[in-house]
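Residue numbers (the numbering used here), protein chains in the order written: chain A, 251 to 315; chain B, 145 to 342.
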């Protein structure tokens, strides 16, 4: 819905422009999530679990010093 | 030096299990903060260990994802204050690169988005990532960034506007090519991504 209080001289700037901006923001949002999810979906390097396992062993006194 | 070995407590086991499920998200957040995969994994590992060491102060049942993200973020900024590489996230360099991206047919849209992200002030970038990609509510993002909810909202909104402007300007800045290339390829890509919906 266009804003009727707009001066009639600039009709092109109405609803269509807003709709376009909304679509662009939506597209950026999709790409942003995709970029983030790509990393989330990568396999976790073994290093992470190794480090955690060693820390866990220290915490429980399971490992030898 | 240890006293009597403790058996693993049920809390530790549950904590560790949940922490492991968060590693992929920590890696992704770290990647967006550092912009560099190796530095990001170092950061994510440090944050994971800090979270592990601080597990006694975590209350099971509260939002562990937000808690670990906050740890990671604090770690990032404290390291950065000390010695983080000067090269990263240099706004001007990023803008120059964006302008210089040179092969119109290559699938550069994601890189353009990364570069455009790198031109944002970091507090805007992190707010946008948390809310726009990480799936956090404004309130959670505010907890992670330790600022007011209204501040997060305005940062996200400014980030969105600036990002769009940069992407559109990136198209203009490329000599001899039509305006808005970056934005157009992002629109096309987004279309493809949302129709595939994996």
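No residue lacks a Cβ here, since even glycine has one placed at the ideal position from N, Cα and C.
At the 8 Å Cβ level, is residue 268 of chain A part of the contact set with chain B, yes or no? Counting from 1 along the first chain, the entry for residue 268 of chain A is found at position 18. No, no contact with chain B.
**OP:** Please classify residue 137 of chain B: is it buried, with 16 or more other beta-carbons within 10 angstroms of its beta-carbon, or exposed?
**Re:** Within the shown structure, residues of chain B are numbered from 145 to 342, placing residue 137 of chain B beyond reach of any answer.
_Helix, strand or coil for residue 292 of chain A? Go by DSSP, reduced to three states._
Taking the first residue of the first chain as 1, we reach residue 292 of chain A at position 42. In this structure, residue 292 of chain A counts as coil in the three-state DSSP scheme.
Suppose the cutoff is 6 Å on Cβ atoms and the five residues either side in sequence are ignored; what does the same chain contact list for residue 298 of chain A look like? One-based indexing of the first chain puts residue 298 of chain A at position 48. No residues qualify anywhere along the chain.
*Around the C-beta of residue 267 of chain A, are 16 or more other C-beta atoms found within 10 angstroms, so that it is buried, or is it exposed?*
As a first step, residue 267 of chain A is located in the first chain; it is residue number 17 there, counting from the start. Under this definition residue 267 of chain A is an exposed residue.
_Just checking: is the beta-carbon of residue 306 of chain A within a distance shorter than 8 Å of some beta-carbon in chain B?_
Here residue 306 of chain A corresponds to residue number 56 of the first chain, with the count starting at 1. Interface residue, yes.
Q.
So if I threshold CB-CB distances at 8 Å, which residues from the segment 270-283 of chain A count as touching chain B?
A. 271, 273, 274, 275, 276, 277, 278, 279, 280, 281, 282, 283
Margin query: In chain order, what are the residue ranges of uninterrupted beta strand (DSSP E) at least 3 long that sit wholly in the segment 273-337 of chain B?
Written below: none
Fill in: Within 8 Å, strictly: CB atoms of residue 271 of chain B and residue 303 of chain B
Start at 1 with the first residue of the second chain, and residue 271 of chain B comes out as number 127. Start at 1 with the first residue of the second chain, and residue 303 of chain B comes out as number 159. Cβ distance < 8 Å, so residue 271 of chain B and residue 303 of chain B count as in contact.
task: Could you tell me which uninterrupted alpha helix (DSSP H) segments, each at least 4 residues in length, are contained entirely in the segment 173-203 of chain B, listed from first to last along the chain?
output: 181-197
How many Å lie between residue 174 of chain B and residue 267 of chain B at the Cα?
Your numbering for residue 174 of chain B matches position 30 in the second chain. Your numbering for residue 267 of chain B matches position 123 in the second chain. If I take the Cα positions, the gap works out to 14 Å.
If I measure Cβ to Cβ from residue 210 of chain B and keep anything under 7 Å in the same chain, skipping five residues before and after, which residues do I get? Residue mapping note: residue 210 of chain B aligns to position 66 of the second chain, counting from 1. Closer than 7 Å at the Cβ level, and outside the excluded window around residue 210 of chain B, lie 280, 284, 287, 288.
> Count the other CB atoms within 10 Å of the CB of residue 329 of chain B; is the residue buried (16 or more) or exposed (fewer)?
Replying inline: On the second chain, position 185 is the one that residue 329 of chain B refers to. Buried, by the Cβ-count rule.
Item to complete: Apply the 10 Å Cβ neighbour rule to residue 326 of chain B and answer buried if 16 or more other Cβ atoms are within range, or exposed otherwise.
Response: The sequence position of residue 326 of chain B within the second chain is 182, counting from 1. The residue in question, residue 326 of chain B, is buried, as its Cβ has 16 or more Cβ neighbours within 10 Å.
Check: Would you say residue 316 of chain B faces chain A, with C-beta separation under 8 Å as the test?
Finding: In the second chain, counting from the first residue as 1, residue 316 of chain B sits at position 172. With a pLDDT of only 42 at residue 316 of chain B, under 50, the local geometry of the prediction cannot be trusted, and the value read off the model is given with reservation. Cβ-Cβ to chain A under 8 Å: no for residue 316 of chain B.
Q) Are the C-beta of residue 338 of chain B and some C-beta of chain A separated by less than 8 Å? A) Your numbering for residue 338 of chain B matches position 194 in the second chain. It does: the Cβ of residue 338 of chain B has a partner Cβ on chain A nearer than 8 Å.
Notebook entry, point to check: Which of helix, strand or coil does DSSP assign to residue 205 of chain B?
Noted result: Counting from 1 along the second chain, the entry for residue 205 of chain B is found at position 61. If DSSP states are grouped into helix, strand and coil, residue 205 of chain B belongs with coil.
| request: Throw me the rounded Cβ distance for the residue 283 of chain A and residue 277 of chain B pair, which I believe falls under 8 Å. | output: To locate residue 283 of chain A, count along the first chain from 1; it is residue 33. To locate residue 277 of chain B, count along the second chain from 1; it is residue 133. 5 Å between Cβ atoms; contact.
| request: Could you tell me if residue 195 of chain B is buried or exposed, where buried requires 16 or more neighbouring beta carbons within 10 angstroms of its beta carbon? | output: As a working note, residue 195 of chain B is residue 51 in the second chain. Residue 195 of chain B is buried by the Cβ-count criterion.
- request: Look at the alpha carbon of residue 206 of chain B and the alpha carbon of residue 166 of chain B, and state the distance between them as a whole number of angstroms.
  value: As a position in the second chain, residue 206 of chain B is number 62, starting the count at 1. As a position in the second chain, residue 166 of chain B is number 22, starting the count at 1. In a straight line, the C-alpha of residue 206 of chain B is about 14 Å away from that of residue 166 of chain B.
So with Cβ pairs under 8 Å, would you call residue 276 of chain B a contact of chain A?
Translated into positions along the second chain, residue 276 of chain B becomes position 132. Chain A, which has a Cβ nearer than 8 Å to the Cβ of residue 276 of chain B, makes this yes.
*asked:* Please classify residue 336 of chain B as buried or exposed, where buried requires at least 16 neighbouring CB atoms within 10 angstroms.
replied: On the second chain, position 192 is the one that residue 336 of chain B refers to. A residue is called buried when at least 16 other Cβ atoms come within 10 angstroms of its Cβ; residue 336 of chain B does not meet this threshold and is exposed.
request  = Answer with yes or no whether the minimum CB distance from residue 160 of chain B to chain A is below 8 Å.
outcome  = Taking the second chain and counting its residues from 1, one reaches residue 160 of chain B at position 16. Answer yes: the Cβ-Cβ gap between residue 160 of chain B and chain A drops below 8 Å somewhere.
### Cross-chain neighbours of residue 204 of chain B in chain A, by beta carbon under 8 Å
Looking up residue 204 of chain B in the second chain gives position 60. Those do not exist, as residue 204 of chain B stays about 16 Å from chain A at its closest Cβ, beyond 8 Å.
Contact with chain A by residue 187 of chain B, beta-carbon distance below 8 Å: To locate residue 187 of chain B, count along the second chain from 1; it is residue 43. Not closer than 8 Å to any Cβ of chain A, the Cβ of residue 187 of chain B fails to qualify, so no.
Practice prompt. For residue 156 of chain B, go through chain A and note every residue whose CB falls closer than 9 Å to its CB, in chain order.
Written response: The residue given as residue 156 of chain B occupies position 12 in the second chain. Within chain A, the residues near residue 156 of chain B are 306, 309, 310.
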